[in-house]
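Colleague:
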Amino acid sequence: MQMTRLELHDTIAGRLIVWEPSARTRAAIERAVPGDDQPSYMQETHLGLRRAMAKIDKRDASWVGTAFDLPGELDVDAMAAALTQWVRRHAVLWGWFVVAEDGGYQRFDLSPEDIEIVPREVKVSESPSETTDFIGGLFEETCTPFDGLGYAFAAAVGADSSVVYTAADHTYTDGFSVLVTFEEVNALYQEAIGGSPAELPPAGSFMQHAQLEREVAERATRDHPAVAYWIEYALKDGGGTPRFPMDLGLEPGEKQLLEPGRYALLSAPETDALEVHARAEGATFPALVYAACALAARDLAGQTSYRFLNPISTRYSPELQHAMGWLVNLMPVHIDVPDAADLMEVARATRQTFREARVTQELPAIRVLQILSEAFGFDSDSTERPSIVSYLDGRKAPGQEAWARQRFFGLTGGGHDDDVNVWINRMPTNTYVTCSVPGTAVARANVARYFEHVAELLRAELEGVLGHRLTSAHTAFV
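Take the sequence shown: its position 460, counted from the start at 1, is 460 in full-length UniProt numbering, and no numbers get skipped.
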C-alpha cells in the first residue's frame, strides 16, 4: 500500500460507476431523528475546523480514501451487495452530524437494515484525467460530515480490469481504517461473486467507544497525570504551537492550497539494517527516524528542539482492531537537539521521550486542551491546528499479500493550510514520507530539502556501520 494524493494516482478511462444510497435509504435519511450520541473529541474538533474554514471560504483536507484494481469484468451488482454488507457492519457509517441550535452537534443514525447501496452508471470517461476529475468532484461533494451519509464509492470500468474507489469524511475513518476498508470490501466482493466466505472478525462500534471515552474524560481535572505532562510540554522551549521547522513562504495567517509531497527515505534493505543497528544501540527504528527529523530541524533551521504531535492508535480491544472510525489520540513530543549530539544519541533520548509521554494516552488530547484552554489558547472553532508527524508500520497490516497485485493506494484530497502534516510510512518495499505542502515555491523547496537531509542522515548512519551504502543516490519523489 502506498499513500498518495488522488491527482497523482494512475487510473484508467472507462465506464464510470457510482454506488450510492438507494431510494429507500434516501427516504430513511429524510425521516431520521437525532439520537443521543455525541461526536468523539477528534470528530468534534474536525467538525469545528470544517465550519471555521468555510467561514473564510477555505476548506480542509477532510476525506480519506482508497483505490485498488480488480481484474476481469466487474460485477457491479455483486459490488453493491458487498458495499451494503460492509456499511451495515460498521456503526460509524450509519449516520452523520448536524449543527444543533445551541451550536453543538447532533448525530442522526439510520437502522442498518435501512441502508442499501445500489449502482448507477454515470458516463464513459475518455481519458484517465477525466476519471480523476470525476472522482475528485464526487468525493469533494459527497464526503462531508454534515447533513447526510458522508462517504462515496465509485469505479472506472475498463475492458480487462477496473479501478475501484472508496472515500469517507475523516469523521468516519483514519489511516488504519483505510487498510480495513481494502481488506473487507475485497473479501465481501469475492464472497458476493461466489468465492470463499468473507469470515470477517467482529467489529466494534466506534460511536459506542466515543461515548465511553467522553464519559471517562469528562471527569478528568487538572490533577490528571496527562494534564501535568501537557503543562510541562507547553512550558518547554518557550511553549508555542508545534510547527514544521522550515520557512514555508507564508505571511502570518495566510493559508495556501495544499500540494502533495512524497519523498523516499530508505529502501527495505536499508530500513531492515537500520532497525538492527538501532536496537543494538538501545534505540528503535521509529525513534531513529524521528531523531533524523530533529537533527534536520537543527541543521537546516537552527532549532534547539523538535516539537510535534504524534498520532497514536486507541484500538485497545480486539473488536476495535477491525472497526471503522477515528481511533486516534495525539501525544505531545518534545525532542531536544544539542549542538554536539549525534543521531544515535538523539534517537536514544527520543525513545525515552516516547516512553515518558505514554502517560498522555489515558486522556484525549482535545480534552486536555479544553481543560487548559486558557494556557494553550485552544479554540475548537479556530482554523489553526498544530502539525502532526505520524509513523505507520504497514508490514503486518491486514490484506497486504494483495497490495501489489491489486495496486492498492490510500488516497487523500486537497485543502488549505499554513503548515505541513507529515506521515512516515514503513511498508514491505520501502520507507517513505507523504505530506501536505502549502503551495508556495519556498515551501516546495524547503520541504523537499528537509526530507532529503533526513534521508541523508539515515543513510550516512548506516554507511558508518556497514562501511558502504546499500543503494545509490536518494530520489526525492517516488
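Each residue gets a CB set at the ideal place from its N, CA and C atoms; glycine is no exception.
If you drop the 5 nearest sequence neighbours on each side, which residues of the same chain put their C-beta closer than 7 Å to that of phenylalanine 182?
Modeller: Here the question's residue 182 lines up with position 182 in the sequence shown. Answer for phenylalanine 182: Thr66, Phe68, Gly399, Phe408, listed in chain order.
Colleague: I'd like the span of the alpha helix (DSSP H) that includes arginine 279, first residue to last.
Modeller: Along the sequence shown, one-based indexing puts residue 279 at 279. Per DSSP, arginine 279 belongs to the alpha helix (DSSP H) from 268-280.
Colleague: What does the Cβ neighbour count give for leucine 212, buried or exposed, with the cut at 16 atoms within 10 Å?
Modeller: In the sequence shown, the residue the question calls residue 212 occupies position 212. Exposed, since its Cβ has fewer than 16 Cβ neighbours within 10 Å.
Colleague: Taking the C-alpha atoms as reference points, what is the distance between glutamine 303 and glutamate 275?
Modeller: Here residue 303 corresponds to residue number 303 of the sequence shown, with the count starting at 1. Here residue 275 corresponds to residue number 275 of the sequence shown, with the count starting at 1. Cα-Cα distance, rounded: 26 Å.
Colleague: I'd like the list of long-range same chain contacts for aspartate 299, defined as Cβ closer than 7 Å, with 5 residues on each side in sequence excluded.
Modeller: In the sequence shown, counting from the first residue as 1, residue 299 sits at position 299. Taken in chain order, the residues that qualify are His453.
Colleague: Taking the continuous beta strand (DSSP E) assigned at histidine 334, which residues delimit it?
Modeller: Residue numbering aside, residue 334 sits at position 334 when the sequence shown is read from its first letter. Run containing histidine 334: 328-336, per the beta strand (DSSP E) assignment.
Colleague: Under a Cβ-count criterion, where at least 16 other Cβ atoms within 10 Å of its own Cβ denotes burial, should valine 178 be classed as buried or exposed?
Modeller: Counting from 1 along the sequence shown, the entry for residue 178 is found at position 178. Valine 178 comes out buried.
Colleague: Taking all protein chains shown into account, do 16 or more other C-beta atoms lie within 10 angstroms of the C-beta of valine 64, making it buried, or fewer, making it exposed?
Modeller: Translated into the one-based positions of the sequence shown, residue 64 becomes position 64. Label assigned to valine 64: buried.
Colleague: Is it a yes or a no for the region 339-352 touching the region 224-231, going by three-plus beta-carbon pairs under 8 Å?
Modeller: Touching, no, given that fewer than three Cβ pairs across the two stretches are closer than 8 Å.
Colleague: Are proline 438 and aspartate 417 closer than 8 Å when you measure CB to CB?
Modeller: Within the sequence shown, residue 438 is the residue found at index 438, counting from 1. Within the sequence shown, residue 417 is the residue found at index 417, counting from 1. Yes. Within cutoff.
Colleague: Could you give the distance in angstroms between the alpha-carbon of glutamate 44 and the alpha-carbon of alanine 52?
Modeller: Locating residue 44 in the sequence shown gives position 44, counting from the first residue. Locating residue 52 in the sequence shown gives position 52, counting from the first residue. So the alpha carbons of these two residues sit roughly 12 Å apart.
Colleague: Please state whether the Cβ-Cβ distance between arginine 307 and proline 242 is less than 8 Å.
Modeller: Here residue 307 corresponds to residue number 307 of the sequence shown, with the count starting at 1. Here residue 242 corresponds to residue number 242 of the sequence shown, with the count starting at 1. Yes, the pair counts as a contact, with Cβ atoms nearer than the cut-off.
Colleague: Just how far apart, CA to CA, sit glycine 194 and valine 122?
Modeller: Start at 1 with the first residue of the sequence shown, and residue 194 comes out as number 194. Start at 1 with the first residue of the sequence shown, and residue 122 comes out as number 122. About 27 Å.
Colleague: Ignore the nearest five residues each way along the sequence and tell me which others in histidine 474's own chain have a CB closer than 8 Å to its CB.
Modeller: Start at 1 with the first residue of the sequence shown, and residue 474 comes out as number 474. For histidine 474, the predicted structure reports a pLDDT of 42, less than 50, and the residue's modelled location is therefore unreliable. The matter cannot be settled from this model.
Colleague: Span of the alpha helix (DSSP H) holding serine 129?
Modeller: Indexing the sequence shown from 1 puts residue 129 at position 129. First-last of the alpha helix (DSSP H) with serine 129: 128-142.
Colleague: Runs of 3 residues minimum, wholly inside the region 63-135: which ones carry the beta strand (DSSP E) assignment?
Modeller: Correct list: 63-71, 95-99, 105-109, 117-125.
Colleague: According to DSSP, is serine 177 helix, strand or coil?
Modeller: Residue 177 sits at position 177 when you count from the first residue of the sequence shown. Residue state, collapsed to three classes: helix.
Colleague: To test your reading of the DSSP string, which unbroken alpha helix (DSSP H) runs of 4 or more residues are found completely within the region 287-334?
Modeller: Counting whole runs of 4 or more residues, the region 287-334 contains the alpha helix (DSSP H) stretches 318-321.
Colleague: Under a three-way DSSP split, which group does serine 373 fall into?
Modeller: Translated into the one-based positions of the sequence shown, residue 373 becomes position 373. Helix.
Colleague: Out of Leu74, Tyr172, Leu149, which has the shortest C-alpha to C-alpha gap to leucine 156?
Modeller: Within the sequence shown, residue 156 is the residue found at index 156, counting from 1. A quick correction: the sequence has alanine, not leucine, at residue 156. Nearest of Leu74, Tyr172, Leu149 to alanine 156, Cα basis: Leu74.
Colleague: What number of angstroms, rounded off, separates the C-alpha of asparagine 446 from the C-alpha of proline 311?
Modeller: Locating residue 446 in the sequence shown gives position 446, where the first residue counts as 1. Locating residue 311 in the sequence shown gives position 311, where the first residue counts as 1. Whole-angstrom Cα-Cα distance: 24 Å.
Colleague: Report the option in Met1, Ala404, Ser305, Asn425 whose CA atom is closest to the CA atom of valine 180.
Modeller: Within the sequence shown, residue 180 is the residue found at index 180, counting from 1. Of Met1, Ala404, Ser305, Asn425, the residue nearest in Cα terms is Met1.
Colleague: Between proline 39 and leucine 138, what straight-line distance do the alpha-carbon atoms span, to the nearest angstrom?
Modeller: For the purposes of this step, residue 39 is taken as residue 39 along the sequence shown, with counting starting at 1. For the purposes of this step, residue 138 is taken as residue 138 along the sequence shown, with counting starting at 1. Cα to Cα, proline 39 sits roughly 25 Å from leucine 138.
Colleague: Restricting to Cα atoms, I'd like to know which of Ala220, Arg107, Thr84 is closest to glutamine 186.
Modeller: The sequence position of residue 186 within the sequence shown is 186, counting from 1. Note on identity: in this sequence residue 186 is asparagine, with glutamine being the wrong assignment. With distances taken between Cα atoms, asparagine 186 lies closest to Thr84.
Colleague: Tell me methionine 207's beta-bridge partners as DSSP assigns them.
Modeller: Here the question's residue 207 lines up with position 207 in the sequence shown. Beta-bridge pairing links methionine 207 to no other residue.
Colleague: From the DSSP output, which residues share a beta bridge with aspartate 36?
Modeller: Numbered from 1 along the sequence shown, position 36 holds the residue referred to as residue 36. Paired residues: none, contrary to the question.
Colleague: Rounding to the nearest angstrom, what Cα-Cα distance links arginine 5 and alanine 168 in this structure?
Modeller: Translated into the one-based positions of the sequence shown, residue 5 becomes position 5. Translated into the one-based positions of the sequence shown, residue 168 becomes position 168. Answer to the nearest angstrom: the Cα atoms are 14 Å apart.
Colleague: Which of helix, strand or coil does DSSP assign to glutamine 400?
Modeller: Position 400 of the sequence shown holds residue 400. In the structure shown, glutamine 400 sits in a helix (DSSP, three-state: H, G or I).
Colleague: So what's arginine 358 in DSSP terms, helix, strand or just coil?
Modeller: Within the sequence shown, numbered from 1, the residue matching residue 358 stands at position 358. In this structure, arginine 358 counts as helix in the three-state DSSP scheme.
Colleague: Please say whether leucine 392 and asparagine 425 have beta carbons closer to each other than 8 Å?
Modeller: For the purposes of this step, residue 425 is identified with residue 425 of the sequence shown, where counting begins at 1. For the purposes of this step, residue 392 is identified with residue 392 of the sequence shown, where counting begins at 1. Yes, Cβ-Cβ distance for asparagine 425 and leucine 392 is below 8 Å.
Colleague: Within 10 Å of its beta-carbon, does glycine 48 have 16 or more other beta-carbons around it, so buried, or fewer, so exposed?
Modeller: As a working note, residue 48 is residue 48 in the sequence shown. By the neighbour-count rule (16 or more Cβ atoms within 10 Å), glycine 48 is buried.
Colleague: Could you check which residue in Val18, Tyr189, Glu101, Gly282 has the C-alpha nearest to that of proline 119?
Modeller: On the sequence shown, position 119 is the one that residue 119 refers to. Answer by Cα proximity: Val18.
Colleague: Can you tell me whether leucine 235 is buried or exposed? The criterion is at least 16 other CB atoms within 10 Å of its CB, across all chains shown.
Modeller: Mapped onto the sequence shown, residue 235 falls at position 235. So leucine 235 counts as exposed.
Colleague: Using only the alpha-carbon positions, how far apart do serine 472 and serine 129 sit?
Modeller: Working through the sequence shown from its first residue, we reach residue 472 at position 472. Working through the sequence shown from its first residue, we reach residue 129 at position 129. Bear in mind that a pLDDT of 46 at serine 472, under 50, signals an unreliable position, so the model cannot answer this.
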